[in-house]
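Colleague: Mind looking over this structure? Questions follow.
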Amino acid sequence: MGHALNKVLNSYRFYAEGHSALVEVQQRLGEAVRRFHDVTGEAVVLHIRSSMLLLGDVVLVEAASVKDSVTRPLFLEGVQEILLQPGLEVEELGAFLGMWHRALQRNLPPEYDFYTWFWERGFEDIELVVAEVPASADTGESAQAEAQLAEREEQLFAELTRRQGSGSSKRRPVGHDEWLARLEAEVLAPVSAQDLLRTGAPAFTGASDAELAELRGLLERERKGEGVQERSVWVVWGLLAVCREEERSELLGWMEELLSGMVSHGHWAELSQVVQGMTRDARASSARAPDLFFVTRLFFREGMRFALAQATAQPGLLLRVLELLSTLPRDALQGATDLLFELPSPEARGALAKLLVRRGISLNVLVARASSLGEKDLDWLQSLRESGPEAQPLTAALLGHPRPEVRAALLARLSPRDVEAQRAPLLKLLADPSAGVRGAVLVLLVRYGVDAAVGPLVARLDARMEPRERMAVLRALADLGGPIAGAALRSAFEREQETEMKVHCAQCIGILGDPRARPLLEAVVNKLFAPRLLKQACREALAQLAPVG
Numbered sequence: 003m004g005h006a007l008n009k010v011l012n013s014y015r016f017y018a019e020g021h022s023a024l025v026e027v028q029q030r031l032g033e034a035v036r037r038f039h040d041v042t043g044e045a046v047v048l049h050i051r052s053s054m055l056l057l058g059d060v061v062l063v064e065a066a067s068v069k070d071s072v073t074r075p076l077f078l079e080g081v082q083e084i085l086l087q088p089g090l091e092v093e094e095l096g097a098f099l100g101m102w103h104r105a106l107q108r109n110l111p112p113e114y115d116f117y118t119w120f121w122e123r124g125f126e127d128i129e130l131v132v133a134e135v136p137a138s139a140d141t142g143e144s145a146q147a148e149a150q151l152a153e154r155e156e157q158l159f160a161e162l163t164r165r166q167g168s169g170s171s172k173r174r175p176v177g178h179d180e181w182l183a184r185l186e187a188e189v190l191a192p193v194s195a196q197d198l199l200r201t202g203a204p205a206f207t208g209a210s211d212a213e214l215a216e217l218r219g220l221l222e223r224e225r226k227g228e229g230v231q232e233r234s235v236w237v238v239w240g241l242l243a244v245c246r247e248e249e250r251s252e253l254l255g256w257m258e259e260l261l262s263g264m265v266s267h268g269h270w271a272e273l274s275q276v277v278q279g280m281t282r283d284a285r286a287s288s289a290r291a292p293d294l295f296f297v298t299r300l301f302f303r304e305g306m307r308f309a310l311a312q313a314t315a316q317p318g319l320l321l322r323v324l325e326l327l328s329t330l331p332r333d334a335l336q337g338a339t340d341l342l343f344e345l346p347s348p349e350a351r352g353a354l355a356k357l358l359v360r361r362g363i364s365l366n367v368l369v370a371r372a373s374s375l376g377e378k379d380l381d382w383l384q385s386l387r388e389s390g391p392e393a394q395p396l397t398a399a400l401l402g403h404p405r406p407e408v409r410a411a412l413l414a415r416l417s418p419r420d421v422e423a424q425r426a427p428l429l430k431l432l433a434d435p436s437a438g439v440r441g442a443v444l445v446l447l448v449r450y451g452v453d454a455a456v457g458p459l460v461a462r463l464d465a466r467m468e469p470r471e472r473m474a475v476l477r478a479l480a481d482l483g484g485p486i487a488g489a490a491l492r493s494a495f496e497r498e499q500e501t502e503m504k505v506h507c508a509q510c511i512g513i514l515g516d517p518r519a520r521p522l523l524e525a526v527v528n529k530l531f532a533p534r535l536l537k538q539a540c541r542e543a544l545a546q547l548a549p550v551g
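Okay, so the sequence shown: first residue is 3 according to the working numbering, each after it adds one.
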């Protein structure tokens, strides 16, 4: 039974909950418990010690170190005994062992300690005997004496009252918090900066290829193709704390392989826990801050960026990727701008951009790399462009985008404030090689009454254009108005030879209402053989002219 129990608890380190191999081990443990019930007819009573788990006087599990004992989290909670009652089902036993393992990994929900969580789960055939703690105890022993730690814990338990024979799970709270705080202060002594000094660290650069291959094999144990384990990352993280500077690059290379494997196999929850744990270590000791910086920057190297970008293309994984990136320190996120351009969808790029802005990361790189963005990116770029005057360089860069469809789509999204701020680039677009862009900017300038467009439009009349575009330019001059526009319309009326274009010029003159065009219009009206449509257009224009003087 002891071997099976120890194996199932350790199996949680290698198998996810519900994995077939873990279920098989749990079933064997359940069979051992059931045979005990069949023989004795009584509950299995497991006694908790600081480094041992006993069945009666028989040692089931014993650890060489108190810190490595599987009983440690229960011992810290004051649990003296675990009672497995007859009728216990494998499912209930498995749920309890899962809780036990999470407590071993210090991964309990933040609002729970082990006993409270156990009590709320309401196990029917599992009970805990929790010791009543004395109100005072001698606290003179030092936590730094590793050899005396186990003896100290035994002393504390020896001072507790006799075990409750009834097997009731009701906690006796008197003095418990004081006792627990005292015990945790000894067992969980904080790591000091002195502990992380690397000057005397042993080197492993001289290790043979066979030794390195053996170490790599230990780090990269795979389980049926699902990839490397979280514990491998923690091994390398621990080595980073004691390695020499010249050995750092090799360790970081191993760390990058491990993290890439976890991303490829979708271990998002484990990755987030790893990053959060490393961050806690770095906050507890400034000596680990450089290690945290180098490790978290690995997420934005080329290989990792590719793996993250590919993951966002899979349904439902974008949120997982963003949750992982949100756990990274702000300094590391400075490298996320390269990932922004590698994400396959505009939705993913927009979501990442919001995350970066929320974390205070500058997106000025968008200005230099605006040509990498597409028409669909304009949706999420809209909020960035409207964030304030500092975003105007981004709008100017997009107006110079090499693809005409992007330039035209952006013109349709510009606000009056954008038109005012981007007047010079917009006037240049009146001579854009793309007719679609020229038409879009013409509509925009006329809509917001940009008088400065009259000069470039007059110059456009000397260029070769399609008749439809030429009519649009003439109408724009009529709408914008002014003496320069009036002179250009009169000149165009005189030069045009085609009746349709000449009729359009007369209509534009009427819209402008330029009185100086009266003689030109009257001369056409008085011609005997002038086209009827042209005469009619000139009469209508004359009726619209402003009075002379």
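Heads up, the beta-carbon is just placed ideally off N, CA and C, and yes, glycines get one too. Quantities reported herein were computed from a predicted structural model and do not represent experimental measurements.
Measure the C-alpha to C-alpha separation of alanine 437 and alanine 532 and round it to an integer number of angstroms.
Modeller: If I take the Cα positions, the gap works out to 34 Å.
Colleague: Could you spell out the range, first to last residue, of the alpha helix (DSSP H) harbouring methionine 306?
Modeller: Segment 304-314, the alpha helix (DSSP H) holding methionine 306.
Colleague: Measure the C-alpha to C-alpha separation of arginine 318 and valine 408 and round it to an integer number of angstroms.
Modeller: Reading the sequence as shown, one finds glycine at residue 318 and not arginine. C-alpha separation (whole angstroms): 29 Å.
Colleague: Just grab the DSSP bridge partners of isoleucine 84 for me.
Modeller: For isoleucine 84, which the question treats as bridged, DSSP gives the partners Leu48, Leu130.
Colleague: Is the stretch 281-301 touching the stretch 347-363 in the sense that three or more CB pairs, one from each, lie closer than 8 Å?
Modeller: No, the stretch 347-363 is not in contact with the stretch 281-301.
Colleague: Between the C-alpha atoms of threonine 397 and glycine 451, what's the straight-line distance to the nearest angstrom?
Modeller: Going by the C-alpha atoms only, they are around 20 Å apart.
Colleague: Residues in its own chain within less than 6 Å of leucine 368 by CB, not counting five upstream and five downstream?
Modeller: For leucine 368, where only same-chain residues beyond five positions count, the Cβ hits under 6 Å are Leu396.
Colleague: Roughly how many angstroms separate the alpha carbons of cysteine 245 and alanine 291, rounded to a whole number?
Modeller: Each residue's Cα considered, the two are about 15 Å apart.
Colleague: How many Å lie between glutamate 247 and leucine 106 at the Cα?
Modeller: If I take the Cα positions, the gap works out to 32 Å.
Colleague: Look at the alpha carbon of glycine 240 and the alpha carbon of serine 71, and state the distance between them as a whole number of angstroms.
Modeller: The straight-line gap from Cα to Cα measures roughly 20 Å.
Colleague: Could you say which of Val448, Leu76, Leu341, Asp420 lies nearest to alanine 311 if we only look at CA atoms?
Modeller: The option with the nearest alpha carbon to alanine 311 is Leu341.
Colleague: Distance check for alanine 411 and threonine 501, CA to CA, integer angstroms please.
Modeller: Their backbone Cα atoms lie some 35 Å apart in a straight line.
Colleague: In the DSSP assignment, find the unbroken beta strand (DSSP E) run with leucine 62 in it and report its ends.
Modeller: Run containing leucine 62: 60-64, per the beta strand (DSSP E) assignment.
Colleague: Which residue from Asn528, Ala543, Leu536, Lys529 puts its Cα closest to that of proline 517?
Modeller: Proline 517 has its Cα closest to that of Ala543, out of Asn528, Ala543, Leu536, Lys529.
Colleague: If you follow the alpha helix (DSSP H) that leucine 106 is part of, which residue opens it and which one closes it?
Modeller: Where leucine 106 is concerned, the enclosing alpha helix (DSSP H) stretches over 92-106.
Colleague: Going by C-alpha to C-alpha distance, which of Lys69, Val68, His49, Arg74 sits closest to leucine 62?
Modeller: Looking at the Cα atoms, His49 is the closest of the given residues.
Colleague: Determine the DSSP secondary structure at methionine 54, reduced to helix, strand or coil.
Modeller: The answer is strand: DSSP assigns methionine 54 an E or B state.
Colleague: Since proline 549 contacts methionine 503 with CB under 8 Å, what's their CB separation in whole angstroms?
Modeller: Incorrect: roughly 28 Å between the Cβ atoms, too far for contact.
Colleague: Cutting at 7 Å between CB atoms, please list the residues of its own chain near aspartate 333, excluding the five before and the five after it.
Modeller: So the list reads Phe295, once near-sequence residues are dropped.
Colleague: Whole angstroms are fine: how far does the CA of aspartate 379 sit from the CA of leucine 401?
Modeller: Each residue's Cα considered, the two are about 14 Å apart.
Colleague: Can you grab the Cα-Cα spacing for the pair glutamate 496 / histidine 403, in whole Å?
Modeller: Spanning the two alpha carbons is a distance of roughly 39 Å.
Colleague: Helix or strand or just coil, what does DSSP make of methionine 467?
Modeller: Reduced to three states, the DSSP call for methionine 467 is coil.
Colleague: Of all the options Glu83, Val237, Val41, Val46, which has the alpha carbon lying nearest to the alpha carbon of leucine 52?
Modeller: Checking the sequence, you will find serine at residue 52 rather than leucine. With distances taken between Cα atoms, serine 52 lies closest to Glu83.
Colleague: Using three-state DSSP, classify aspartate 516 as helix, strand or coil.
Modeller: Here aspartate 516 sits in coil by DSSP.
Colleague: Comparing alpha-carbon positions, which option in Trp256, Trp236, Arg250, Val235 lies nearest alanine 215?
Modeller: The option with the nearest alpha carbon to alanine 215 is Trp256.
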